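All remarks here apply to the structure that follows.
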Amino acid sequence: MLTIGLFQAIGIHIENFYMNYIVLIGLVSHLFTSYILKNYTSLTNKIAPIIAIIFSPLVLITLVIYLIAIPISGKDPYNDRNFL
Numbered sequence: 002m003l004t005i006g007l008f009q010a011i012g013i014h015i016e017n018f019y020m021n022y023i024v025l026i027g028l029v030s031h032l033f034t035s036y037i038l039k040n041y042t043s044l045t046n047k048i049a050p051i052i053a054i055i056f057s058p059l060v061l062i063t064l065v066i067y068l069i070a071i072p073i074s075g076k077d078p079y080n081d082r083n084f085l
């Protein structure tokens with residue numbers, strides 16, 4: 002929801018795309034992680050790096066797209082105080 006809010010602040014509506022593709026991937030990753038925790042208890046102490054490997058690329062791609070979308074949308078947080 003934070004990502005959708007950030008993009009709405011710059012005037013880009015990505016709700017449908019984000020829900021159809023990104024949330025779906027996150028849900029599958031969550032189910033996969035839950036399955037690993039439940040069935041392989043020996044991996045429980047190693048789960049943090051696995052979660053980081055799964056979600057770090059997703060966060061990186063989202064932030065890069067957001068940083069590219071800010072100048073394209075014409076919003077300027079340094080000169081427009083209402084946008085900031």
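For the sequence shown, the working numbering gives the first residue as 2, with consecutive numbering after it.
No residue lacks a Cβ here, since even glycine has one placed at the ideal position from N, Cα and C.
All values derive from a computational prediction rather than experimental measurement.
Next on the checklist: Can you give me the C-alpha to C-alpha distance between Leu44 and His31, rounded to a whole angstrom?
Outcome noted: Cα-Cα distance, rounded: 15 angstroms.
Next on the checklist: Can you list, in chain order, the residues of its chain with a C-beta nearer than 7 angstroms to that of Tyr36? Leave out the 5 residues immediately preceding and following it.
Outcome noted: Excluding the 5 residues flanking it on each side, Tyr36 has no same chain C-beta neighbour closer than 7 angstroms.
Item to check | Pro78 (DSSP reduced to helix, strand or coil) | outcome: Reduced to three states, the DSSP call for Pro78 is coil.
Checklist entry - Going by other Cβ atoms of all chains shown within 10 Å of its Cβ, with 16 needed for buried, is Phe8 buried or exposed? => result With 16 or more other Cβ atoms within 10 Å, it is buried.
Checklist entry - The alpha helix (DSSP H) with His31 in it runs from where to where? => result It spans Val24 to Asn40 - the alpha helix (DSSP H) in which His31 sits, taken as one unbroken run.
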